[in-house]
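Q: Protein sequence lines correspond, in order, to chains A and B.
Residue 213, in the numbering used here, is where the first sequence stops; the numbers in between run on with no holes.
Residue 213, in the numbering used here, is where the second sequence stops; the numbers in between run on with no holes.
Number of protein chains: 2
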Amino acid sequence: MKPSSAVGGPKFRREAPELRRDELIAATLACLKKHGHDGVSVRRISAEAGVSMGLITHHFSGIDALLAEAYEALAMRLLTQNSEHAFAAGADPYERLHRYFTGSFTPEAIDPAVFRIWLVFWSLVPHSKTMRAVRERTYGRARATLERLLAGLPNAQGLRVEAAAIGLSALMDGLWVELSLNPRSFDAATAVALCDDWVQALASGSLRGLRVQSPVTARRHARIVAP
Amino acid sequence: MKPSSAVGGPKFRREAPELRRDELIAATLACLKKHGHDGVSVRRISAEAGVSMGLITHHFSGIDALLAEAYEALAMRLLTQNSEHAFAAGADPYERLHRYFTGSFTPEAIDPAVFRIWLVFWSLVPHSKTMRAVRERTYGRARATLERLLAGLPNAQGLRVEAAAIGLSALMDGLWVELSLNPRSFDAATAVALCDDWVQALASGSLRGLRVQSPVTARRHARIVAP
DNA sequence: GGTCTTATTATGCGAGCGCATAATAACGCC
DNA sequence: GGCGTTATTATGCGCTCGCATAATAAGACC
Chain A
-13 MKPSSAVGGP KFRREAPELR RDELIAATLA CLKKHGHDGV SVRRISAEAG
37 VSMGLITHHF SGIDALLAEA YEALAMRLLT QNSEHAFAAG ADPYERLHRY
87 FTGSFTPEAI DPAVFRIWLV FWSLVPHSKT MRAVRERTYG RARATLERLL
137 AGLPNAQGLR VEAAAIGLSA LMDGLWVELS LNPRSFDAAT AVALCDDWVQ
187 ALASGSLRGL RVQSPVTARR HARIVAP
Chain B
-13 MKPSSAVGGP KFRREAPELR RDELIAATLA CLKKHGHDGV SVRRISAEAG
37 VSMGLITHHF SGIDALLAEA YEALAMRLLT QNSEHAFAAG ADPYERLHRY
87 FTGSFTPEAI DPAVFRIWLV FWSLVPHSKT MRAVRERTYG RARATLERLL
137 AGLPNAQGLR VEAAAIGLSA LMDGLWVELS LNPRSFDAAT AVALCDDWVQ
187 ALASGSLRGL RVQSPVTARR HARIVAP
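1. By the criterion of Cβ-Cβ separation under 8 Å, what are the contact partners of GLN186/B in chain A?
2. Sort LEU15/B, LEU167/B, PRO79/B, GLY76/B by Cα distance to LEU110/A and report the nearest one.
3. Comparing the C-beta of ARG0/B with each C-beta of chain A, is any distance below 7 Å?
4. Quick check: the Cα distance between SER69/A and GLU133/A, rounded to an integer number of angstroms?
5. Which bits of chain B does GLY215/A rub up against, with CB to CB less than 7 Å?
6. Closer than 8 Å by C-beta to HIS71/A: which residues in its own chain qualify, once you throw out the five before and the five after it? Chain order, please.
7. Would you please verify whether the beta carbon of SER27/A is less than 7 Å from any beta carbon of chain B?
8. Closer than 9 Å, Cβ to Cβ, to anything on chain B: give me those residues from the region 30 to 59 of chain A, in chain order.
9. For PHE(-1)/A, which of helix, strand or coil comes out of DSSP?
10. With a threshold of 16 other CB atoms inside 10 Å of the CB of SER47/A, please say whether the residue is buried or exposed.
11. With 7 Å set as the bound, which would you pick, yes or no: does the beta-carbon of HIS84/A sit closer than that to a beta-carbon of chain B?
12. With 7 Å as the limit, tell me which residues of the region 102 to 115 of chain A have their beta carbon closer than that to any beta carbon of chain B; keep them in chain order.
13. Count the other C-beta atoms from every protein chain shown that fall within 10 angstroms of the C-beta of GLU164/A, then say buried if there are 16 or more, exposed otherwise.
14. Helix, strand or coil, according to DSSP, for LEU145/A in the structure here?
15. Under 7 Å between C-beta atoms, does LEU18/A make it to chain B?
16. Is the shortest distance between the beta-carbon of PHE172/A and the beta-carbons of chain B less than 7 Å?
17. So, do the region 52 to 70 of chain B and the region 148 to 160 of chain B have three or more beta carbon pairs nearer to each other than 8 Å?
18. Quick check on LYS19/B: buried or exposed, where buried means 16 or more other Cβ atoms within 10 Å of its Cβ?
19. Can you check whether the CB of VAL26/A is closer than 7 Å to the CB of ILE42/A?
20. Does the beta carbon of ILE152/B sit closer than 7 Å to a beta carbon anywhere in chain A?
21. Do you know how far the Cα of ALA150/A is from the Cα of THR176/B?
22. Give every residue of the same chain whose Cβ lies closer than 6 Å to the Cβ of ILE11/A, excluding the five residues on either side of it in the sequence, and list them in chain order.
23. In its own chain, which residues sit with a C-beta less than 8 Å from the C-beta of ARG0/A, not counting the 5 before and 5 after it?
24. I want to verify the contact list: residues of chain B whose CB lies under 9 Å from the CB of GLY144/A, in sequence order.
25. Name the chain A residues whose beta carbon is nearer than 8 Å to that of GLY157/B?
26. Please list, in chain order, the chain A residues whose beta carbon lies closer than 9 Å to that of GLU164/B.
27. What do you reckon, are the CB atoms on GLY22/B and ARG102/B nearer than 7 Å?
28. Could you work out which residue in TRP108/B, GLU94/B, ALA99/B is closest to VAL100/A when comparing CA atoms only?
29. Looking at the C-beta of HIS23/A, does it have a partner C-beta in chain B at a distance below 7 Å?
30. Suppose you measure from the CA of ARG197/A to the CA of LEU193/B; what does that come to, to the nearest Å?
31. Just verifying my parser: in three-state terms, what is the DSSP assignment at ARG170/A?
32. Can you give the Cα-Cα distance for GLY40/B and ALA33/B, rounded to whole angstroms?
33. Among ALA35/B, ALA51/B, THR131/B, which has the Cα closest to the Cα of THR116/B?
34. Could you list which residues in chain B have their beta carbon closer than 7 Å to that of LEU167/A, in chain order?
35. Give the list of continuous alpha helix (DSSP H) stretches no shorter than 4 residues that lie fully inside the region 106 to 134 of chain A.
36. Over what stretch of residues does the alpha helix (DSSP H) that includes ILE96/A continue unbroken?
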């Protein structure tokens, strides 16, 4: 019973555009979470939001624009809450990184349903310049956050922090993908431990290619282009 | 002009079921490569194979079965060719692993179009028990291959090889995902170097949680359940 | 309280989808 | 060379899709 229960009541609410846009974005994420790719549908999303189809084309230039905004909303939400969680910890760089890891492998973070949302967005990246731009931005932010965290390590000045962020980011993503596809393949604590160990190895200089000015570095590591 | 050029020639070829099945599997992969999720369509796949729709339901129990077989075919092909490439190298464990890495980050391996195939398959995993089984099997094989390669390291008896395979597999996958989404974010050589460095750190015992019997190991690393 | 803006709904159109069912013809077999 | 098996095609049905267009009404403003 969506319409107002009062018989003569208004048949719909007229909301501020920005509010309605947020509702539609939330409905989009809910829809992708429920139905995966089949959730990419004007009809489904509008039904999820409890409004009629036309509202989507009214508030957005099209479904693509709505998807891009949903992508950005989800990515930014996760990024900020994770980094806040990490930086809220004390000044100990290892502890901060550890917090970042634990926050990245919580049960909610490795929810297979949430992973399916990402799969949808990723699959749209090659087609849409907008989606690509969102991904570049969010990936860049994730790497920047890791760089900041890694820069706090005792011997950070002797480390190629940008390259290290690439590696650590990949390690985390790989663990996250695997856990999302099969939460039973290994424990979240294992994932956190693997990340902690990697940081430890980095800090101790055991990841040779990630040390600055290493003669072997210039040969083995190609130049990193703009993220 | 698909039908035979001779006017009175046969209108279609009657092929051995197994051959036709292979053709349909190949057409499925080609279709997913071209169209992503929109390629999951009886009409599109059959058109790609140059046959009529009905053949799919005739040779397979349904589109789901065809997709599962295509998934397995692609995964097994990549797995075998990569591991053959690695084991073909000499007995030096580092060299073998290095070969495995380089083979995993060739331009063909990080083709965004191929990545889209995987996205489709991954998105089907939560729904289909068959797809899940295929994924379990292929992921297990990938880990087993890495375990074999890591077991060749000098101090392998002092290492938790199964746990190490999880970490290395995740690192590789994470790098592969990122490169597939944006081949320009960093160089393939960087990815290989990061993997090599990780192996080096592992072999030198710098990844503390991956050493056997370490007192900290039991605390930090939870037990690994069946892959 | 009338009026105007515009957020919102309702409806129709054409196309593509999966699936089922019937018709057809290639090719092995004797 | 006719015959039977079955691989293969052709066709139709009901559904949902995205998109466009017209009709409606909520709520602000004076």
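Even for Gly, the Cβ is constructed at its ideal location relative to N, Cα and C.
The model shown is predicted, which means the values in this text are computed figures rather than measured ones.
A: Straight from the coordinates:
1. The contacting residues are SER192, LEU193, ARG194.
2. It is LEU167/B.
3. No, ARG0/B does not count as interfacial toward chain A.
4. Each residue's alpha carbon lies about 12 Å from the other.
5. Chain A is shown from -13 up to 213; residue 215/A falls before or after that span and cannot be answered.
6. For HIS71/A, where only same-chain residues beyond five positions count, the Cβ hits under 8 Å are ARG85, TYR86, GLY89.
7. Judged by the 7 Å Cβ criterion, SER27/A is not in contact with chain B.
8. For the region 30 to 59 of chain A, which is checked against every Cβ of chain B, not one residue is closer than 9 Å.
9. Reading the sequence as shown, one finds Arg at residue -1/A and not Phe. Residue state, collapsed to three classes: coil.
10. Exposed: under 16 other Cβ atoms inside 10 Å.
11. No, HIS84/A does not count as interfacial toward chain B.
12. Across the region 102 to 115 of chain A, CB contacts with chain B closer than 7 Å involve ARG102, LEU105, TRP108, SER109, VAL111, PRO112, in sequence order along the chain.
13. Residue burial annotation: GLU164/A is buried, with at least 16 other C-beta atoms found within 10 angstroms of its C-beta.
14. Strand at LEU145/A.
15. Among the CB atoms of chain B, none fall inside 7 Å of the CB of LEU18/A.
16. Interface criterion met: the Cβ of PHE172/A is under 7 Å from a Cβ in chain B.
17. With the cut-off at 8 Å, the region 52 to 70 of chain B and the region 148 to 160 of chain B do not touch.
18. By the beta-carbon neighbour count (other beta carbons within 10 angstroms, threshold 16), LYS19/B is buried.
19. Contact flag unset, no.
20. It does; some Cβ of chain A falls within 7 Å.
21. Each residue's Cα considered, the two are about 10 Å apart.
22. Here the set comprises GLU55, ALA56, ALA59.
23. Excluding residues within five positions, none has a Cβ falling inside 8 Å.
24. Close partners of GLY144/A in chain B (Cβ separation under 9 Å) are lacking, with about 15 Å as the shortest Cβ gap.
25. In the sequence as presented, Gly is not what sits at residue 157/B; that position holds Leu. Those within 8 Å of LEU157/B in chain A are GLY153, ALA156, LEU157, GLY160.
26. Think of a sphere of 9 Å around the beta carbon of GLU164/B: the chain A residues whose beta carbon falls inside it are TYR125, ILE152, SER155, ALA156, ASP159, in chain order.
27. For GLY22/B and ARG102/B, yes; Cβs fall inside 7 Å.
28. Taking only the C-alpha atoms, the option nearest VAL100/A is TRP108/B.
29. Yes, its Cβ sits closer than 7 Å to a Cβ of chain B.
30. Their Cα atoms are separated by approximately 17 Å.
31. ARG170/A: coil per DSSP, three-state reduction.
32. Rounded to the nearest angstrom, the two C-alpha atoms are 11 Å apart.
33. Of ALA35/B, ALA51/B, THR131/B, the smallest CA-CA separation from THR116/B is found for ALA51/B.
34. Think of a sphere of 7 Å around the beta carbon of LEU167/A: the chain B residues whose beta carbon falls inside it are TRP108, VAL111, ARG121, in chain order.
35. Runs of the alpha helix (DSSP H) lying entirely within the region 106 to 134 of chain A and spanning at least 4 residues: none are present.
36. Counted as a single uninterrupted DSSP element, the stretch harbouring ILE96/A is not any alpha helix (DSSP H), since DSSP gives it neither H nor E.
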